[in-house]
Amino acid sequence: MTPASTAAAEVAFREERAAVLATLIRQLGDFQLAEDALQDAFAAAIVAWDRDGVPERPGAWITTAARRRAIDRLRRDRVLADRVQRLGRIAELQTPALDDEHEPSAVGDDRLRLIFTCCHPALAMPARVALTLRSLGGLTTGEIARAFLVAEPAMAQRIVRAKRKIAVARIPYRIPPDEELPDRLAGVLAVVYLVFNEGWSASGGDRLVRGELCVEAIRLGRLLARLMPDEGEVAALLALMLLHDSRRAARVDEHGELVALDDQDRSLWDRGRIREGTTLLDAALRRRPAGPYALQAAIAALHATARSPQETDDDQIAALYGELARRAPSPVIDVNRAAALGRAGRVADGLALIGPLLGDAALASYAPLHAAHADLLDRAGDAPGAARAYATAAEHADNAVARRELLRRARRLATTG
Amino acid sequence: MPQYMLLIYGDPADAPGPDEQQAQHERWFAYTEQLRESGALRGGDALERPDTATTVRVRDGETIVSDGPFAETKEILGGYYLLDVPDLDAALGWAAKMPNITYGTVEVRPVMVFE
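So this is what it looks like as structure tokens:
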């Protein structure tokens, strides 16, 4: 086997897998059969391309090969006892018209169908995330399992169960009708943002940033933005992720320790990502009213474009959090708003906002609440109180790197206080 | 077309009071009529309360009959519909339109197909 054909097959596998899989699922009407046939086709590609050279359109070659393998599998399938039904499906799959449908729009629609199916609300959130990453992303089951700190057999089981539910409960393979689209699209965006956040701030383990998940979420965001160019919130989410991700290199030092926003070396921020993010955001903001992702991206843009912590427009950031809270009240947004008020010099307002949250038992173990409280107390000149609040935050931080940073702050304040 | 069983659960304490009951009955009637007209309805009934239920098991050849439902829960199985619809979204759509959906819960289960 020459390395060139293997390399070509690997590239085709990474880049075209999702598109080919999406089309196959529609043609075959069966998630598992499509995946199995695709696996067969890639194995066949390595042999055939080595012998005959790499075809001009590797994706089309693999789609056609996979469909043939699917027909073979259907012929052999003894479970499908109904001979008439089986022959009917084989005849359908042999229709020559199927070979001609490689135009980009059809392929794009198939990928959207696949995204909406993987993110269907009838699947549990962890299953949606796993299935989306497996089907549309370039990650293997093992990579997904490691990224989410789950044993590989458990992750494989989660994916198998989700595919089984899609087949047995007949979750439809389609782009939702207009009246359902806003809700369902919000669900898809939530899955992508969850993947990004898990990468950006790993909920557990000893690594703060799982860059591979950030990269994967951004890739999915780009795909969605390309497939749904008229949806402002799709562009806004991509902008938000790019603007956060621009700081990835500065956020952790050479020892893997967290570097607070104000202490980051801004020359390490990725200018390309900031430019791309702000351009996308400008376009998204021209649509009114701005959606929640556009508001969050606007906040991220104010941080990303400030030359120094002092030049950051914290008043505007606090106002944007206020607008977010007005749209969809949540304690998480209030915590962020309180922190922004503190940075904007409105410490008393921040403390007033955070006070009731500290009394809420449901939030007692929410580390960012205590960290924001600590920062406000520090700004108010109460170093011992701030040290105690940082210690409380550290106690509840699941991530080891974040915990160490919170403890460092607690110790610093305890000694100066 | 696939069939779905829509199992209707609810806490009787949440059900409408006596003055609302007649109107609620009419809503159930209209809903069932709508299902019938759409061609989706294969069957459906309301069930008597769980305190009228009897459970039966046979263990080691002995038939054990006992008073009461399979599981004692606050949310009881109050009825069901059997529908013939194209996919899960259609079944979920019908479930969301049930007259009790704002206080009850509907479990949608695909009917097993033996090929």
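These protein sequences, in sequence, are chains A and B. Our numbering puts the last residue of the first sequence at 417; the count rises by one with no breaks. Our numbering puts the last residue of the second sequence at 532; the count rises by one with no breaks. Where a beta carbon is used, it is the ideal one built from N, C-alpha and C, also for glycine.
{"Item": "Give the interface partners of A:R76 over in chain B, defined as CB-CB distance under 9 Å, in chain order.", "Value": "Those within 9 Å of A:R76 in chain B number zero; the least Cβ separation is about 15 Å."}
{"Item": "Name the one or two DSSP bridge partners that B:I374 has.", "Value": "Since the first residue shown for chain B is 418 and the last is 532, residue 374 of chain B is missing from the structure and cannot be characterised."}
{"Item": "Counting along the chain, where does the alpha helix (DSSP H) carrying A:S135 start and finish?", "Value": "M125 to L136"}
{"Item": "Hey, is A:V168's beta-carbon within less than 8 Å of any beta-carbon in chain B?", "Value": "yes"}
{"Item": "At the level of alpha carbons, what is the spacing between A:R207 and A:A367?", "Value": "17 Å"}
{"Item": "Kindly list the residues whose CB is nearer than 7 Å to the CB of A:R184, restricted to its own chain and excluding five residues on each side of it in sequence; keep chain order.", "Value": "F116 and P176"}
{"Item": "Does the separation of the CB atoms of A:L377 and A:A389 fall below 8 Å?", "Value": "yes"}
{"Item": "I'd like to know whether the C-beta of B:L505 is nearer than 8 Å to at least one C-beta of chain A.", "Value": "yes"}
{"Item": "Contact criterion: CB-CB distance below 8 Å. Does A:A122 meet it with respect to chain B?", "Value": "yes"}
{"Item": "Quick one: grab the DSSP three-state call for B:I481.", "Value": "strand"}
{"Item": "In this structure, does DSSP put B:M529 in helix, strand or coil?", "Value": "coil"}
{"Item": "Distance check for A:G342 and A:D375, CA to CA, integer angstroms please.", "Value": "8 Å"}
{"Item": "CB-CB under 7 Å to A:T141, same chain, minus the five flanking residues each way: which ones, in chain order?", "Value": "R134, E152, M155, A156 and I159"}
{"Item": "Return the CA-CA distance between A:R409 and A:R222, expressed in angstroms with no decimal places.", "Value": "38 Å"}
{"Item": "Which one or two residues does DSSP pair with B:T471 in a beta bridge?", "Value": "B:D484"}
{"Item": "Helix, strand or coil, according to DSSP, for B:R459 in the structure here?", "Value": "strand"}
{"Item": "Tell me which same chain residues have a C-beta within less than 6 Å of the C-beta of B:P486, skipping the five on either side of it?", "Value": "P467 and A470"}
{"Item": "For A:A272 versus A:L220, is the C-beta distance shorter than 8 Å?", "Value": "Reading off the sequence, residue 272 of chain A comes out as Gly, not Ala. No, the Cβ-Cβ distance between A:G272 and A:L220 is not below 8 Å."}
{"Item": "For A:V332, which beta-bridge partners are listed by DSSP?", "Value": "In DSSP, A:V332 forms no bridge with anything."}
{"Item": "Could you tell me whether the Cβ atoms of B:L500 and B:W511 are closer together than 8 Å?", "Value": "yes"}
{"Item": "By the DSSP assignment, the alpha helix (DSSP H) with A:Q418 in it spans what residues?", "Value": "A query on residue 418 of chain A cannot be resolved here, the shown segment of chain A reaching from 1 to 417 and no further."}
{"Item": "At a CB-CB cut-off below 9 Å, which residues of chain B make contact with A:P419?", "Value": "The question about residue 419 of chain A has no answer, for chain A in this structure spans 1 to 417."}
{"Item": "What does a CB cutoff of less than 7 Å around A:E10 pick up in its chain, not counting 5 residues either side in sequence?", "Value": "none"}
{"Item": "At a Cβ threshold of 8 Å, is B:P419 touching chain A?", "Value": "yes"}
{"Item": "Using only the alpha-carbon positions, how far apart do B:L423 and B:L509 sit?", "Value": "9 Å"}
{"Item": "Please report the Cβ distance between B:A457 and B:V502, rounded to the nearest whole angstrom; I am assuming they are in contact, meaning their Cβ atoms lie under 8 Å.", "Value": "5 Å"}
{"Item": "Tell me the rounded alpha-carbon separation between A:Y173 and A:E15.", "Value": "22 Å"}
{"Item": "For A:R403 and A:R286, I'd like the C-alpha separation in whole angstroms.", "Value": "40 Å"}
{"Item": "Out of A:W200, A:F148, A:L224 and A:I90, which has the shortest C-alpha to C-alpha gap to A:G108?", "Value": "A:L224"}
{"Item": "Spell out whether any CB of chain A is found under 8 Å from the CB atom of B:P527.", "Value": "yes"}
{"Item": "Have a look at A:R412 and A:D245 and give me their C-alpha separation to the nearest angstrom.", "Value": "29 Å"}
{"Item": "Just how far apart, CA to CA, sit B:E437 and B:A488?", "Value": "29 Å"}
{"Item": "Based on Cα-Cα distance, which residue from A:A300, A:G291, A:D360 and A:A362 lies nearest to A:R327?", "Value": "A:G291"}
{"Item": "Please determine if the stretch 29-42 of chain A and the stretch 57-65 of chain A are in contact, where contact requires at least 3 C-beta pairs separated by less than 8 Å.", "Value": "yes"}
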